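Just add 398 to the spot in the sequence shown (first one is 1) and you have our numbering.
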Amino acid sequence: MSVPPPVRLAALVGGALVLGVVVALYLGGLREGDRPEAGRPTPAAAPSPPSRPGAPPPSGMDARTLGFRLLTLADPGEVLAGMDSLARAAEQGDVEAQISLGRIYLKGLPSVPRDAARARAWLLRAAPSHHPSAAYFLGVMSQNGEGVKVDPAEAARWFEVAARGGSPDAMFLLANAYRAGAGVPRNDRKAVELYESAGEREHPAALQALAMAYLYGELGLEPDEAESRRYTMEAEHAIQHRQVPP
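This is the structure we're talking about:
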């Protein structure tokens with residue numbers, strides 16, 4: 399069945415607009431939705447960043463919640479004190495602190511200039527842990543050419559690491575890569591499997607992609623209006639909930 403270009407764009411790229419909203423939640427009010435990864439407990443409201451000289455650096459989930467907290471603060475003094483605390487924890491090997499610093503430098507704040515090179519450096523420090531957030535953002539940076547040249551194969555490699563760690567956002571972007579043959583051999587079956595895995599984790603754009611594929615018989619799927627409606631309804635439900643951050 400012939401499909402107008404805008405519709406096909408919604409299936410492959412347009413779904414990324416939903417992801418763009420999601421990513422914005424974590425790195426600027428919603429970019430990556432300030433909730434923890436799948437399987438992690440939801441943190442309580444984060445405490446104010448430490449401002450006293452000599453305050454102990456955060457660790458583990460404390461570093462994570464402090465990182466999210468800094469993205470919401472306007473007071474430069476509080477932000478810089480929190481950045482100092484995160485940096486000390488990160489230097490001591492705290493993976494959550496390293497990822498928080500990477501996210502903050504990737505976005506930038508009024509008192510913390512955006513610095514893609516520094517963001518990538520902190521994320522690479524966290525990469526040996528195979529933490530899905532570190533791998534996801536490294537993949538996004540390789541995909542978009544932030545702090546490094548555009549490299550679809552490198553992006554797909556990082557998305558694979560993050561997907562194995564349970565990141566639905568990485569699953570969605572890796573599915574797109576297999577669908578388009580960007581950095582990996584084109585493989586519709588693998589794309590469907592990844593969309594389904596992300597959809598099971600209530601990823602709206604992945605559910606939308608499946609709905610369109612069933613509607614138009616794409617990705618090796620037979621046209622099935624009932625399945626298309628089911629995935630559309632699931633996408634509408636999922637979009638009402640905040641996404642799990644990378």
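Beta carbons: idealized from backbone N, C-alpha and C, even for Gly.
Owing to the predicted nature of the structure, the values given are computational and were not obtained by experimental measurement.
Item	Value
Could you check whether A633 and L592 sit closer than 8 Å to each other, using their CB atoms as the reference points?	no
Check this for me: beta carbons of L507 and A485, under 8 Å apart or not?	no
What is the rounded straight-line gap between the Cα of A624 and the Cα of A596?	20 Å
Here's the rule: buried if 16 or more other CB atoms are within 10 angstroms of the residue's CB, otherwise exposed. What is H528?	exposed
The alpha helix (DSSP H) spanning G615 covers which residue range?	First-last for G615: undefined, no H or E at that position.
Going by CA-CA distance only, name the one from L504, Y614, D473, A553 that's closest to G581.	A553
Using 10 angstroms around the beta-carbon of Q496, count the other beta-carbons present and answer buried if the total reaches 16, otherwise exposed.	buried
For S565, which option in R587, S540, Y534 has the closest C-alpha, if you only look at C-alpha atoms?	Y534
What number of angstroms, rounded off, separates the C-alpha of G475 from the C-alpha of P456?	18 Å
If we ignore side chains and look at the alpha-carbon of each, how far apart do G491 and L619 end up?	46 Å
Under 8 Å between the Cβ atoms of L617 and A609?	no
According to DSSP, simplified to helix, strand and coil, what is V510?	strand
Going by beta carbon distance, what residues of the same chain come within less than 6 Å of L613, once the five residues before and after it are set aside?	S626
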